[in-house]
Structure formats: C-alpha cells, structure tokens
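S.K.: Protein chains in written order, with the working numbering: chain A, 1 to 265; chain B, 1001 to 1542; chain C, 2001 to 2162. Ideal placement from N, C-alpha and C gives every residue a C-beta, glycine not left out. Treat the numbers as computed from the prediction; the structure is a model and nothing was measured. I'd like to ask some things about the structure below.
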Amino acid sequence: MMETERVFSLRNVWFTASVGAVIGIAAVAALIGFIWIPLEQSNKTVAGLWDAICTAAGVPESFRQVQQSAAPIAGPSNVIVSAQMMKPADGLSIGRGAALAPQCTMCHGVRGMSHADAPNLAGQHDAAIYKQLRDFKSGHRTSAIMGALVAGLGDQDMRDLAAYFAGLPRGPEATAADARHEAPVIVRNGSPMRNIAGCTSCHGGIDIKTGSPRLDGESESYLRAQLLAFATGARHNDIYGQMRNVARQMTPEEIDTTARFFAGR
Amino acid sequence: MLSNGSRRLILAHFWLAFAAFLLALVLGEWQMYIRSPLHDWISNPELYYRAVTAHGSAMAYVFPLLVAMGFGYAIAELALKQPLIGLRWAWASFGLVVLGTVTAMAPVSMGLASVLYTFYPPMIGNAFFYIGIVLVVVGSWIWVALMGINLNAWKKAHSGEPVPLPMFANVAGAYLWAWTSVGAAMEILFQILPVALGFKSTIDAGLARVFFSWTLHAIVYFWLMPTYIAFYVLVPRAIGGRLYSDAMARISFVLFLVFSMPIGMHHLFQDPQVGSGMKFMHAVFTAMVSVPTLLTIFTICASVEIAGRLRGGKGALGWIAALPWKNPMMLAVAFSFVMLGFGGAGGLINMSYQLDFVIHNTQWVTGHFHLIFGGAIVIMYFAIAYDLWPHLTGRALESVRLMRAQLWLWFIGMLVVTFPWHFVGILGMPRRMAYFDYSHPALAPQAIYVTVTFVGGLLLVASAVLFILVLVRGHLANRITLPEFRFSTPVHATTRVPVALNSFALWIALMIGLTVVNYGFPIAQLMALPQTSVPAVPSVVK
Amino acid sequence: MGIVALLVGMMAYMSLHWASMPPSRIETIDPATLHIAGEFVEANLGSGVEPNGSVTVRVVGNRYSFTPQCLLVPTDTPVTFRATSADVVHGFNIAKTNVNVMLVPGYIATFKTKFKEPADLEMPCHEFCGVGHATMWAHVKVVDKAEFEKQAGGKRRVSCVK
C-alpha cells in the first residue's frame, strides 16, 4: 500500500533519483563555475585553487587603500553630501546663526533677501548653504569676499548659519504644477542626448537632490555667471561635475533662458 | 458544484484582479503614448515613473496573486469535492490584500514612492508603499495556509488515494509562492522598512538586489501556475480530448517547486556584488527550469493531438485541422503556446550568461516579460475566467464570438507591442525612460517602432474592454442549470501514484536545500560586510 | 533536454573564451567619500594606458550624469571598465556592443571588452535612478588605435569631453 511507502528513504527510487540528480547537477555546475572557469581564464590573476574558489564565490578583497597618484589631486569638494548630512534645526543653532549673520547682511540682505546681485539665502536649503560655506573655506570654491569672510568660521558656525537662513521666510517654493505650466523645456526636461538634466529634477519643482540650492528668485546675472563659470570649469566645486556636465552642454541662449526663468519666479 | 459562499469569494477575487488589471493596462498604454514620438516630452517626468510604479505593482503583485487565489479556492472545492474549509479566513486574507493595495497605492498616487515595483534601494520611498506590499503578501500567505489545510483534510478522509491533479498543482503553486515571497519580504522587513521609518540611514543596495532576485524570477513561475494548471486540467476537457499523462503533469509541477528559486541571480549577471561562480550556478539551474516547460509543451501537444484524433482527424497533421478552433479555450491555448515559444526562445538568450550582455536592461527585457507574462500567461487567465464564469454566476456565458475576437485582439496586440520592443532593445534602447530625443540620429530610426508599440497597446486596451464586457454580460444572461464541473481526465485513469508524487515534503526539502546552496553564501557574506551599507537616498523630497 | 545541455555547454565554453566579467575578487568602496580620495577621484577618471598597453576606463555614475560624460577608447586594444556609483543604482550599456554594467553603490564593477572599429556610440543609463533618469546619456568615441595614442600621448587620463 502507498501509505507504507516512505519518501525519505534510500529504498525509494524517487528520493534517491531526485536528490542524486540535484546534487549531481549542483556539483558539476560548481566544479565548472568555481574551479575550472576561474583557473582556466584568469591569466594568472588567481593564485591557486582556494583563491579561485573564493573569487568565484564572491569573497571580497580586503578593503584596500588605492594608491594615491603622484600629483596631488584637488577634488571638487571635501564635503560628504548625503540626505543625512544636516541635523534637524534646533532653536539654539538658529540663535547662534542669527548672531553670526550680521556679517552676511551687507550683500545678502538683512533678512536674507539680497538687493545686490548676491544670492538670496532666506529659505535656502540648509545643506546647500553649508556645502558652499565649507567649499569657500577649503578653497574649492573661490571668491575673494567669501574666502575672507568664512576664514574664521568653524564647522558648527557654518551649520548654525545654514540653519538660521534656511528658516527665514521666502515666497513659497515652486511646485511641480507651476513648473509644468511655465517652465521652458530646457528647465523641466533638459536635453537627453546632450546629458542635460532638467533643472527641476534636482533643484526643486519635481525633486531635490541633497546639496542643490533652490534657484527661484535669484538674480539673473548671478545665475548666468554661475552657469558660465561651470561651463568653463572656472567654478568646479560640484561633485563629479554634476553641474559642469550640464552647463558645458548648454548653448548661450539656453543659459539666458534658464537664468531669466528662475530670476523671474 | 461551488457553494454560494465560495462563489462570492471567488468572484470578489476575480473582479478585483480584473479591475486592477484594466487600470494598470490603461496606465501602461498611457506610458507608451507619453514616451512615443506622438507626444511631446512629458513636462513632469515624475508622473511617468509614478505610473510605472503603479503599473508594475498592480500587474506583478496584485493581479496575478488574486487570480491564483481565486482559482485556487475554486480548485479546492471543485477538485476535492468538499466544502472549502476556512471561508472566513479566506475573506480575511482578501481583506488584507485590499487593504494592502490601498495602503501601497495611496503614496504611489501622491508621488511619494516613485521607486518602481522593484524598489531599487538606496532610493527610499514613503514607508506606506512598502507596508502595503507587506500586507498584500501576508494576506496571500493566509491563502497558502488554507490551500495546505484543505488538502490535508482531504487526505485524512481519503487515506491512500491519489490527490486530484488540479489540487496537487494548485498546492504546488501555493507553496512555491510562500517560499518565493520570502526574498522580497526579507528585503522589505529587514532592509528597507527600517530606513523608510527612520530607524536607520544606510542600506546595502547590493544585498537588497540579491534578496529581490530571489523573488523576482520565481514570481514568474508563480504567475505561470494558473496557466499551467489550466493547460493540464482544463484544456484537454474543454476541447474534447484527454490528458496524455497525469504523472508527467505532477513531475512538471514538482520540478517548478525545486528549480524556480535557485536561479534568480540571472537578473544580476552584470552586478558587481556577486561572484562569477555563483552566477554560473544560477545560469545552470535556469537552464534546468526550462525542463518542466518542455515537458508541459510535449504533454499538452500530445493531449491536444488526442482531441484532434478523437474528433476524426487523420494523418500526420490532419488532427490539427480537426481541432475545435471555434472554442475560445482552443484559441487561447494555441496563442499561448505561440507566445510561449517566442518568449521562451528570447528567454534562452537572456539566461545565456554572455548573450545577456547585449540586451540586459534594454527594451528587449521589457518585450520579453510582457510576451511571457502579458501574452502567454494572461491569455490563459482570460480562458480560465471564461471557463469558470458560468459556474460562478450560474448563468450562461454566450458571447463566444466576442470571446474569440477578444483573444485574437490580445494575441495580435501583444505581438505588435513586444516584437518592436525586442528589436529596439537589440539596438540598445534602454528601459524606463520617460522620454527620448527622437531627433537625435542615433534614436531616429527607433521612432517608428515605438509608435507601432503604441498602436499594439491600443489593441490590448480594446481587448481588455471586450473581456470585461463579456464577463459583465455573463452576469446579466439567463440562469441555467449547469452540469457538474469537470476537470480533464487522463488517458489512463489515475489509480495509483507514488507517494513522492502525491506529497510535497521531498520537493519542498529540495527547494529549500537548493535555495540555501545557491543563495546562502552570497547573502551571508554580503551581510557580513560592514562597509557596503550606503547612505539612503529618499526619493522625491518635496 | 538536448537543447538545454547544448546551451549550458555553450555557456561554459563562452565563459572560458570570451568572458567579459573577469573573475576577480569583489571590490567594495565607500560611495560617500569617492570624490575625496582613492581611485575614483575626479582627476583619475577617464581612459588611462596601462604599462601592458591595455586601457583602463574609470567611470562614476551619479544623478544624472556619468563622469566623464564622453569616453574615449581605442580600437583593437583590451579595454577594462572600472566603474561605480556615488549615490543610487545606475547602469550603462553601450549601444551595438556587448558592454553592459550595473553600478551598485558600495561596489566596484569591472568589465572587459575590445572595440573593433571607430564609431560614435551612445551610452545611456539603463537602470531607473530618479526623475532625471531619461536625461542620463553619455557618449563613447571609439577611435583608431594610432589616433588614440596621439590624443593620449603624455596625459595621465583622457576623455572626449570638450
């Protein structure tokens, strides 16, 4: 009777055949994949049998330090940018920022809204302000005025200033709906084959990439100057050229259109 | 006969499934329009990815799951000829699936989780998207348990008798799903949710991809289950033939249990976090999983030939002409086989480690899984609904011509959509882009093919509307007295089945064992690497 | 069954003879500090000639461009891509070639190939990486070996970014 037939028994042919076949296939596949192929085609990069097996299995090499090249390399920035780089603003930090802010008001306006062609800081993302301050201080972004002003600021000072200005009022941020109706194609879609991302995919409107500033209401001449500086590489504190790659590809007309659009918002 | 309680339960599953299907289909067609040369670049690309997320989540999780669950309940009662045990639990499970779907789709429709149904950490969307998917999966696990419980109750009462083939296959599908869903469940519960809820700020993206691959390929075989069950237990009866071999069917289903899981890394051939030996192992087992499909094609062709000869077909090919081509089931199975043939050929290319480099993540892949799932699999979902509908409504389903038109439209539409996709994929066109610059000389030649796919999509939408229409008319038709529901009978009556093919323990042991062999090391080793957790990137910070 | 066996055999054969994913140890790297020090600092990206005459191309993907955004490679020379991501998952394929790589943050991807003839090719990001994904197209310029040597002469790294 069927009920007396045990499945997990060496006398059950279904058991022996299926388990045997599966183990057999796995063993042959493992032999080929872990030993034969890595040893055969490794051009001596594999040290031996055990190394071949480890390699094929995906054992990592030790977390090695890559040799620094001879020439000292000036990167774009020393700031580690991530969604978690700024702590939520607290009153103490904002208060300290307010105490430091007067030295900024000459150019950036009393309440962070500039009447000169300097950027507005009110309501700017704290990560964006902090990153630029750090870059001015380290020299990755050059400016005679800013360089002198940030020289005396410590890391916490810069975080405090960022928290203070981020909290100042500014008109409501552009929404996706606004962007849809008004924005020129170069602003909302960019140009794919020239690798120009739409401004709205990082600078707000659709998505915000950490560290990217909001641009609405900034001065037209400031925006144009920055895009041109990115295009020539004169400004290069954007990590992995994320702005240089864009600006380099833009035509002068597109730069004008973009600067005018954001200035007019 | 189905009891009234079960009828309501099954109809609820099917209607929700088909509603989700229709909605997701329209979204899919909208996407094809948006990215085609017929439309300007979409002004807010995020809307496109929102739609892709909704389309994928509905089509990959909600729709096939509900069809499998509804069909599973029907099989449990019709094949075991005993009232469904756990009707209340079944409704609870349905409720969880509904709740989960709503919970997941709310943030998606608000644009808070445009991370696609494949999640892609370190991008992190709104936590409710993931919680919703967990609820859907937990709901489906209740169904799995109910299928097992119903089978075991029957076995107790029918000691020593062979389990009816439909139920055997159905429970194989349920167990397959239970183990399949574990990969994504671990990814969500242990990796993504802690970040989405703010307890952690880093995530190992490579490990997450390994977990997801565990689910992502085997889920295809879960989608396939209702289709294959229909091949074996509905088609031969519906066209007046016999099932060629009951044992062959059982072997196919247990082989799916064993070989579906330990192959998912063929989605990761180009990934840097898995060793080449592991990739080779998965490629080999991917080749093995084509065995049950080849067995199925052979068995079903033989069964169909029996039908042709019983209907008086003579000669080497004369039996084909003698087949009941006006029968929607016949049409559906023929279309399904044609699409499975093309899709399978494409699949063999995907699985071949090196050939895959030409087409990985291009539109070829989109074409491939739409042809297999949307084509070969879903067309049998239609056939299943048509076959069961009179038994669910107690009314005649009379629109046979509409059914045929619907199946033809779906078949042609699917070919018109997927063939150009395969082609532009070979030309290197990437997936999941909201818009393309067709004015660029490199892309200009592809424009016409993208336009063609849009037209194919229109055929698919028309077909789906017809499908719904046929089912609605089924609710309004005259009441009839139905003959007892029958499944196919094999050529030789199944009186004795080896215990191994009448139970699942051996195959589940092999399934888990093989998964441990093929996934255990990569997972353990990536978990042990502290430096691979990378900062999470919240998607769409408004 | 025969077809299956044939395909597996073919796979093993091809793995031996023109494998593109070299069996090397998995390499990990911290994506947050990529730009500050190590192999993937900006000045080290692009194509460099190795002592053995082969060419290594280092690429970083980051929302929403590859750097360099135009890669210069020679014909008839073994080319190794070494690439990684600074933020989310990206990937690229080079149209009409077998080059196809996933960039997963935290890991270094390696890919070996050879280009046959000079061409201007497209290199899109092929994995969804965010709302700007559709604009993430880089380009590859395959030039004659001699022309490449002329352009690369004396420089540590070259690209075709203008």
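(1) Within the same chain, show all residues whose beta-carbon is closer than 7 Å to that of residue 1052 (chain B), passing over the 5 residues directly before and after it, in chain order.
(2) According to DSSP, which residues form a beta bridge with residue 2109 (chain C)?
(3) Measuring alpha carbon to alpha carbon, tell me which residue in B:1499, B:1524 and B:1523 is nearest residue 12 (chain A).
(4) Cβ of residue 18 (chain A) less than 8 Å from any chain C Cβ?
(5) I'd like to know if residue 2026 (chain C) contacts chain A, where contact means its C-beta is closer than 8 Å to some C-beta of that chain.
(6) What are the start and end residues of the alpha helix (DSSP H) that includes residue 96 (chain A)?
(7) Taking the alpha-carbon positions, what's the residue 253 (chain A) to residue 1222 (chain B) distance?
(8) Just the chain B side, please: which residues come within less than 9 Å of residue 2107 (chain C) by C-beta, in chain order?
(9) Anyone know if the C-beta pair for residue 2122 (chain C) and residue 2139 (chain C) falls short of 8 Å?
(10) Give a yes or no on contact between the segment 2084–2104 of chain C and the segment 2048–2064 of chain C, applying the rule of three or more CB pairs nearer than 8 Å.
(11) Can you list, in chain order, the residues of its chain whose CB lies under 8 Å from that of residue 1289 (chain B), leaving out five sequence neighbours each side?
(12) For residue 2076 (chain C), name the three-state secondary structure that DSSP assigns.
(13) Do residue 1165 (chain B) and residue 988 (chain B) have their beta-carbon atoms positioned less than 8 Å apart in this structure?
(14) Between residue 1219 (chain B) and residue 1060 (chain B), which are expected to be in contact by the criterion C-beta below 8 Å, what is the C-beta distance as a whole number of angstroms?
(15) Hey, quick one: how far does the alpha helix (DSSP H) through residue 1103 (chain B) stretch, first residue to last?
(16) In whole angstroms, what separates the C-alpha of residue 1299 (chain B) from that of residue 1233 (chain B)?
(17) In terms of alpha-carbon separation, which member of B:1358, B:1065 and B:1265 lies closest to residue 1520 (chain B)?
(18) In the segment 1349–1370 of chain B, which residues sit with their C-beta less than 7 Å from some C-beta in chain C, listed in chain order?
(19) Determine whether the Cβ of residue 1437 (chain B) lies closer than 8 Å to any Cβ atom of chain A.
(20) Residues of chain C with CB closer than 8 Å to the CB of residue 202 (chain A), please, in chain order.
(21) Applying the 10 Å Cβ sphere with the 16-neighbour rule, what's the burial state of residue 2153 (chain C)?
(22) Name the residue from B:1201, B:1134 and B:1370 whose alpha carbon lies nearest to the alpha carbon of residue 1029 (chain B).
(23) Excluding sequence positions up to five away, which residues of its chain have a Cβ less than 6 Å from the Cβ of residue 1410 (chain B)?
(24) Provide the residue(s) that pair with residue 2046 (chain C) in DSSP beta bridges, ordered along the chain.
(25) Counting only C-beta atoms, is residue 3 (chain A) closer than 8 Å to chain B at any point?
(26) In whole angstroms, what is the alpha-carbon distance linking residue 1124 (chain B) and residue 1195 (chain B)?
(27) How many whole angstroms separate the CB atoms of residue 1535 (chain B) and residue 249 (chain A), which I take to be in contact at a CB cut-off of 8 Å?
(28) Which whole-angstrom value describes the C-beta separation of residue 1054 (chain B) and residue 1024 (chain B), a residue pair presumed to lie in contact below a C-beta threshold of 8 Å?
(29) If we cut at 8 Å on Cβ distances, does residue 2096 (chain C) have a partner in chain B?
(30) Is residue 2051 (chain C) buried or exposed, if buried means 16 or more other CB atoms sit within 10 Å of its CB?
(31) In the structure shown, what three-state DSSP assignment does residue 1166 (chain B) receive?
(32) Check for me: the alpha helix (DSSP H) holding residue 1015 (chain B) runs from which residue to which?
(33) Mind listing the chain F neighbours of residue 240 (chain A)? Cutoff is C-beta to C-beta under 7 Å, in chain order.
(34) State the DSSP-derived secondary structure class of residue 1041 (chain B), mapped to helix, strand or coil.
(35) For residue 100 (chain A), collect the residues of the same chain with a Cβ closer than 8 Å to its Cβ; drop the 5 residues on either side in sequence, then sort them by chain order.
(36) Whole alpha helix (DSSP H) runs in the segment 169–241 of chain A with 4 or more residues, listed along the chain?
M.R.: In short:
(1) For residue 1052 (chain B), where only same-chain residues beyond five positions count, the Cβ hits under 7 Å are 1031, 1116 and 1432.
(2) Partner(s): C:2083.
(3) Nearest C-alpha to residue 12 (chain A): B:1499.
(4) Cβ-Cβ to chain C under 8 Å: no for residue 18 (chain A).
(5) Answer yes: the Cβ-Cβ gap between residue 2026 (chain C) and chain A drops below 8 Å somewhere.
(6) Note, residue 96 (chain A): alpha helix (DSSP H), 91–100.
(7) Looking at the two C-alpha atoms, the distance is approximately 54 Å.
(8) Within chain B, the residues 1205, 1206, 1271, 1272, 1273 and 1532 have their CB atoms less than 9 Å from the CB of residue 2107 (chain C), given in chain order.
(9) It is a contact, given that the beta carbons lie within the stated cut-off.
(10) Note that the segment 2084–2104 of chain C touches the segment 2048–2064 of chain C; at least 3 beta-carbon pairs, one per stretch, sit closer than 8 Å.
(11) The answer, listed in chain order, is 1221, 1255, 1256, 1259, 1260 and 1263.
(12) Of the three classes helix, strand and coil, the one that applies to residue 2076 (chain C) here is coil, per DSSP.
(13) Here chain B covers residues 1001 to 1542 and nothing more, so residue 988 (chain B) does not appear.
(14) The C-beta distance from residue 1219 (chain B) to residue 1060 (chain B) rounds to 7 Å, short enough to fall under 8 Å.
(15) Counting along the chain, the unbroken alpha helix (DSSP H) around residue 1103 (chain B) starts and ends at 1087–1109.
(16) Between residue 1299 (chain B) and residue 1233 (chain B), the C-alpha separation is close to 12 Å.
(17) Taking only the C-alpha atoms, the option nearest residue 1520 (chain B) is B:1265.
(18) The residues in question are 1352, 1353, 1354, 1357, 1358, 1360, 1361 and 1362.
(19) Output row for residue 1437 (chain B): interface = yes.
(20) Here the neighbours are 2063, 2064 and 2132.
(21) It is exposed - the Cβ of residue 2153 (chain C) has fewer than 16 other Cβ atoms within 10 Å.
(22) Comparing alpha-carbon positions, the option among B:1201, B:1134 and B:1370 lying closest to residue 1029 (chain B) turns out to be B:1370.
(23) If we look at residue 1410 (chain B) and ignore the five residues flanking it on each side, its Cβ neighbours are 1379 and 1463.
(24) Paired residues: C:2058.
(25) Confidence is the limiting factor: at residue 3 (chain A) the pLDDT is only 49, short of 50, which leaves the residue's position unreliable, though a coordinate-based value still follows. Yes - at least one Cβ of chain B is within 8 Å of the one on residue 3 (chain A).
(26) Within the model, the alpha-carbon separation for residue 1124 (chain B) versus residue 1195 (chain B) is close to 8 Å.
(27) In this structure, residue 1535 (chain B) and residue 249 (chain A) do not form a Cβ contact; the two beta carbons are roughly 28 Å apart against a cut-off of 8 Å.
(28) Confirmed, Cβ separation roughly 7 Å.
(29) Output row for residue 2096 (chain C): interface = yes.
(30) Classification of residue 2051 (chain C): exposed, given that the 10 Å Cβ count is below 16.
(31) In the structure shown, residue 1166 (chain B) sits in a helix (DSSP, three-state: H, G or I).
(32) Taken as a continuous stretch (DSSP letters only), the alpha helix (DSSP H) holding residue 1015 (chain B) covers 1004–1035.
(33) Chain labels in this structure do not include chain F; the protein chains are A, B and C.
(34) Correct three-state label for residue 1041 (chain B): coil.
(35) Answer for residue 100 (chain A): 153, 157, 160, 161 and 164, listed in chain order.
(36) As far as the segment 169–241 of chain A is concerned, its whole alpha helix (DSSP H) runs of at least 4 residues are 176–182, 185–188 and 220–232.
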